[in-house]
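K.L.:
Once you've had a glance at the structure underneath, I'll fire off some questions.
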Amino acid sequence: MRLARQAQAVLAQGSREMDRRKGTRNLHQEAEDGPCATRGISREYRDPWVVLDMSEVLVIAKPPGWEVYDGNAERQLADYLVNLQRGRLPILTDLKHGCGFIHRLDVPSSGLVIAATTYHAWYDLQFQLVTGTLLREYLVLAHGFVYRDPNARWSTIAALLRWSDDAVAAAHGMGKPSETRLRVLGHVTDPSGRSFALLVIRIVTGRKHQIRSHLAWKGHATVTDGKYTGPQTLTEDLRLCARNFLHRCHLSLRRGTVCVEEHHVWQPLALDLVEALRELRPKDLAAQKAQETWCSSSEPAEFMCTEGP
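Per the UniProt record's numbering, the sequence shown starts with residue 1, numbered consecutively.
Right under this line is the structure:
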């Protein structure tokens, strides 16, 4: 713990100096000294919007079809962030620092993404990411019956991940260590009788396509996943949901040095995923409760169904 605090202090000093040298000037920070501002919760995912504004740190809702910053898709979250015009913020065009973004989210997916407007905030959040204090949770609809251990709240998938030339991840005996935790909320069926599991996923590591590849390796690919399911399965899935059923619903991060505050940010399902979920028939009371909650609730407190491991 002492070593971690020392490392964090060194990062803070160096990143503040980087902001000074690069001429970072956060106009929003200079104009507002009040507490963080919440910009709202919505199921509309046509365009990105700021869900939580903490001056140096923004939590943004990413719609499906938007890329974070790589430049491979027409709509870029990085461009949206630059267009907010919050001052002279060199990190927003710095590819080595992810254009300010702390993590990615696959193009077909929706949900919450964290961005930093200063190098100081970026290194602080990266430190939280690598030390496991920055929490990321997802709601996923997966194929098949996923076993639920009655003696454990969370199950763990620990499989090495490697990538092929066509950007498909494979869980094998070679690659980078990767860990995914999952909690089964319930099981449902579609009108044709196919079975699915409604899962809350928590990632310990953050590899590319980690959730999708880990679930596919276990035989429970996410719904409407063209990379990790066969053509026939994809065709059947498209009748239920037009895009990958994977939504980052919850983030938890810390801010402050002397007085550390923990912030939880929640975002409900997008309307298209709600419509798909309503087409399914619950197989048990747990699934019925989960379906009702995720389809009807709009307040963050009602989504807090992912207690710690």
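Ideal Cβ placement from N, Cα and C applies to all residues, glycine included.
Can you grab the Cα-Cα spacing for the pair Leu251 / Gln128, in whole Å?
P.N.:
Translated into positions along the sequence shown, residue 251 becomes position 251. Translated into positions along the sequence shown, residue 128 becomes position 128. The straight-line gap from Cα to Cα measures roughly 12 Å.
K.L.:
So, using beta-carbon positions, are Leu52 and Lys62 closer together than 8 Å?
P.N.:
Counting from one through the sequence shown, the residue named residue 52 turns up at place 52. Counting from one through the sequence shown, the residue named residue 62 turns up at place 62. No. Outside cutoff.
K.L.:
Where are the alpha helix (DSSP H) runs, 4 residues long or more, that stay fully inside the UniProt domain "Pseudouridine synthase RsuA/RluA-like" (57-216), in chain order?
P.N.:
Runs of the alpha helix (DSSP H) inside the UniProt domain "Pseudouridine synthase RsuA/RluA-like" (57-216): 77-82 and 119-131.
K.L.:
Just curious, the beta strand (DSSP E) that Ser296 is in, first and last residue?
P.N.:
Taking the first residue of the sequence shown as 1, we reach residue 296 at position 296. Taken as a continuous stretch (DSSP letters only), Ser296 belongs to no beta strand (DSSP E), being part of the alpha helix (DSSP H) at Leu285 to Ser296.
K.L.:
On a Cα-Cα basis, can you pick out the residue from Arg86, Met54 and Asp19 that is closest to Val265?
P.N.:
Numbered from 1 along the sequence shown, position 265 holds the residue referred to as residue 265. Nearest option by C-alpha distance: Met54.
K.L.:
Looking at Arg212 and Thr222, is the spacing between their C-beta atoms short of 8 Å?
P.N.:
Counted from its first residue, the sequence shown places residue 222 at position 222. Counted from its first residue, the sequence shown places residue 212 at position 212. The answer is yes: Cβ separation under 8 Å.
K.L.:
Whole angstroms is fine: what's the gap from His97's alpha carbon to Thr229's?
P.N.:
Taking the first residue of the sequence shown as 1, we reach residue 97 at position 97. Taking the first residue of the sequence shown as 1, we reach residue 229 at position 229. Distance between the alpha carbons of His97 and Thr229: 33 Å.
K.L.:
Out of Arg25, Arg75, Tyr45 and Val200, which has the shortest C-alpha to C-alpha gap to Trp154?
P.N.:
As a position in the sequence shown, residue 154 is number 154, starting the count at 1. That would be Val200, whose Cα lies nearest to the Cα of Trp154.
K.L.:
Name the two residues that bound the continuous beta strand (DSSP E) containing Ser55.
P.N.:
Along the sequence shown, read from residue 1 onward, the residue named residue 55 stands at position 55. Segment: none, Ser55 is in no beta strand (DSSP E) and carries neither H nor E.
K.L.:
Are the CB atoms of Leu141 and Ala290 nearer to each other than 8 Å?
P.N.:
For the purposes of this step, residue 141 is identified with residue 141 of the sequence shown, where counting begins at 1. For the purposes of this step, residue 290 is identified with residue 290 of the sequence shown, where counting begins at 1. The answer is no: Cβ separation not under 8 Å.
K.L.:
So, helix, strand or coil for Val10, using DSSP?
P.N.:
For the purposes of this step, residue 10 is taken as residue 10 along the sequence shown, with counting starting at 1. Three-state DSSP puts Val10 in a helix.
K.L.:
Report buried or exposed for Tyr123, applying the criterion of at least 16 other Cβ atoms within 10 angstroms of its Cβ.
P.N.:
The sequence position of residue 123 within the sequence shown is 123, counting from 1. By the 10 Å Cβ count, Tyr123 comes out buried.
K.L.:
Would you mind reading off the limits of the alpha helix (DSSP H) that contains Leu238?
P.N.:
If you number the sequence shown from 1, residue 238 lands on position 238. That run of the alpha helix (DSSP H) goes Pro231 to Leu238.
K.L.:
Rounded to whole angstroms, what's the CA-CA distance from Leu246 to Pro268? Just pull it up for me.
P.N.:
Looking up residue 246 in the sequence shown gives position 246. Looking up residue 268 in the sequence shown gives position 268. Going by the C-alpha atoms only, they are around 12 Å apart.
K.L.:
Between the Cα of His143 and those of Cys249, Ala152 and Leu240, spot the shortest distance and give me the residue it belongs to.
P.N.:
Taking the first residue of the sequence shown as 1, we reach residue 143 at position 143. The shortest C-alpha separation from His143 is found at Leu240.
K.L.:
Leu112 to Thr156, Cα distance in whole Å?
P.N.:
For the purposes of this step, residue 112 is taken as the residue at position 112 of the sequence shown. For the purposes of this step, residue 156 is taken as the residue at position 156 of the sequence shown. Each residue's alpha carbon lies about 23 Å from the other.
K.L.:
With DSSP collapsed to three states, give me the class of Leu3.
P.N.:
The count along the sequence shown starts at 1 and reaches residue 3 at position 3. Residue state, collapsed to three classes: helix.
K.L.:
What is the rounded straight-line gap between the Cα of Pro177 and the Cα of Glu275?
P.N.:
Along the sequence shown, read from residue 1 onward, the residue named residue 177 stands at position 177. Along the sequence shown, read from residue 1 onward, the residue named residue 275 stands at position 275. When rounded, the distance between both Cα atoms is 36 Å.
K.L.:
Sort Asp149, Trp49, Glu261 and Glu56 by Cα distance to Asp79 and report the nearest one.
P.N.:
On the sequence shown, position 79 is the one that residue 79 refers to. The option with the nearest alpha carbon to Asp79 is Trp49.
K.L.:
Between which residues of its own chain and Ile114 is the CB-CB distance below 6 Å, once the five residues before and five after are set aside?
P.N.:
As a first step, residue 114 is located in the sequence shown; it is residue number 114 there, counting from the start. The residues are Val59 and Ile102.
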